[in-house]
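All remarks here apply to the structure that follows.
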């Protein structure tokens with residue numbers, strides 16, 4: 001039996017590898033699972049490494065064949081080209097599978113659209129999130145019309161101007177999305193083919209941000225309210241201080257009245273003494289008038305009138321002293337009341353100042369929070 005040349009072995013291995021590639025592709029198409037992907041990767045490894053094992057012997061056989069037959073040499077060269085192309089194709093397919101796997105594992109929605117807004121590609125995260133999404137169709141198959149019109153306008157701006165959209169927030173019903181879109185250009189001709197987009201669900205983030213904004217607005221309202229209370233408290237403090245000043249003035253006036261009463265009492269004592277002296281003098285004058293007889297009768301009348309006037313003066317002074325004593329008692333009571341009122345005003349002012357100080361601290365804390 002003739003032994004097979006290394007070149008023939010390499011050809012057979014290439015056929016086997018190509019058959020494995022077809023089987024792997026069919027399995028991945030039918031089952032779309034890791035089984036198909038595993039077969040495809042194994043066949044790629046087989047194709048990549050088997051030719052390199054036989055490379056020295058193949059090269060030797062090629063050299064001998066070239067010497068014997070030019071046609072055989074051409075066939076060898078064509079076979080090499082086919083083998084190289086097959087290897088490159090398998091490497092490209094393996095990389096494509098790897099890239100697709102990586103894209104499918106990313107939780108963000110990654111997609112590619114053409115100029116007509118039809119989906120060319122969508123990763124598994126996007127397709128699982130929106131089961132109605134179909135490759136080859138546009139957004140209006142599964143999205144509201146008004147939402148589609150908005151995103152299409154944005155995409156047309158990207159396609160026509162080349163200016164990307166970065167982290168733009170879009171709302172669909174109760175859901176918020178953050179989207180980034182860039183131009184999709186042909187690597188050779190640089191012709192614009194459509195857009196590449198990345199979208200993520202940011203509903204929770206937007207909801208939390210809105211809550212923070214609402215809390216901030218509420219805090220600002222409370223700060224304004226604290227400022228208003230501070231202003232009212234300051235006005236009350238000023239009014240209380242003014243009232244305290246009025247009470248102090250009234251206390252001073254009462255003290256002056258009390259001093260005046262004391263002076264009046266001294267005057268009354270003096271008048272009372274004068275009345276007593278006048279009374280004694282009138283009595284003495286009456287005695288002397290009686291001794292004088294008829295010649296002293298006129299002098300006796302005057303002495304009688306003086307005595308009556310002294311008695312009336314003494315009685316009036318007594319009544320005035322009683323009135324002044326009653327007034328002094330009222331003034332003394334009023335002075336005590338004024339002093340108690342003044343103390344109460346001072347305590348109120350201190351309390352108001354304490355409240356104002358605490359309100360200032362509260363407003364500073366609210367400012368730091370907001």
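Numbering (full-length UniProt numbering), first residue to last: 1 to 370. Think of the CB as a built atom: it goes at the ideal place given N, C-alpha and C, for glycine as much as any other residue.
In the three-state scheme derived from DSSP, where H, G and I count as helix and E and B as strand, residue 112 is classed as strand. Residue 155 counts as buried, since at least 16 other C-beta atoms from the protein chains shown sit within 10 angstroms of its C-beta. The beta carbon of residue 336 is closer than 7 Å to none in its chain, skipping five residues each way along the sequence. Of the candidates 227, 175, 264, 227 places its Cα closest to the Cα of residue 355. Between the segment 78-89 and the segment 102-111, the count of C-beta pairs closer than 8 Å stays below three; the two stretches do not touch.
Partner residues in the beta bridge of residue 196, as assigned by DSSP, are 112, 182. DSSP places residue 201 in the strand class (E or B) of the three-state scheme. Between the alpha carbons of residue 318 and residue 260 lies a gap of roughly 18 Å. Restricting attention to 234, 349, 195, the CA atom closest to the CA of residue 166 is found in 195. Taking C-alpha positions only, residue 276 is separated from residue 341 by approximately 45 Å. Residue 328 and residue 224 have their C-alpha atoms roughly 52 Å apart. Closest option to residue 264, judged by alpha-carbon separation, among 239, 216, 324: 324. Its chain contains no residue whose beta carbon lies nearer than 6 Å to that of residue 283 once the 5 sequence neighbours on both sides are disregarded. A direct Cα-to-Cα measurement between residue 182 and residue 144 gives close to 23 Å. DSSP lists 178 as the beta-bridge partner residues of residue 169.
A residue is called buried once 16 or more other Cβ atoms fall within 10 Å of its Cβ, and residue 286 is buried on that count. Per DSSP, the continuous beta strand (DSSP E) segment holding residue 119 begins and ends at 119-122.
Rounded to the nearest angstrom, the gap between the Cα atoms of residue 130 and residue 184 is 23 Å.
Residue 248 holds the alpha-carbon nearest to the alpha-carbon of residue 339 among 347, 281, 248.
Here residue 191 carries a coil assignment [DSSP, helix/strand/coil].
If you look at residue 147, you'll find it in the alpha helix (DSSP H) that goes 145-161. Where residue 95 is concerned, the enclosing alpha helix (DSSP H) starts and stops at 70-105. CA-CA distance, residue 95 to residue 147, rounds to 36 Å. Exclusion of the five residues before and after residue 164 leaves 158, 180, 181, 182, 183 as the residues of its chain whose Cβ lies within less than 8 Å of its Cβ.
When only Cα atoms are considered, residue 316 and residue 245 end up about 39 Å apart.
One Cα belongs to residue 112, the other to residue 126, and the distance between them is close to 11 Å. Taking a contact as a CB-CB distance under 8 Å, the pair residue 118 and residue 137 counts as one, their CB atoms being some 6 Å apart. In the three-state reduction of the DSSP assignment, residue 249 falls in the helix class.
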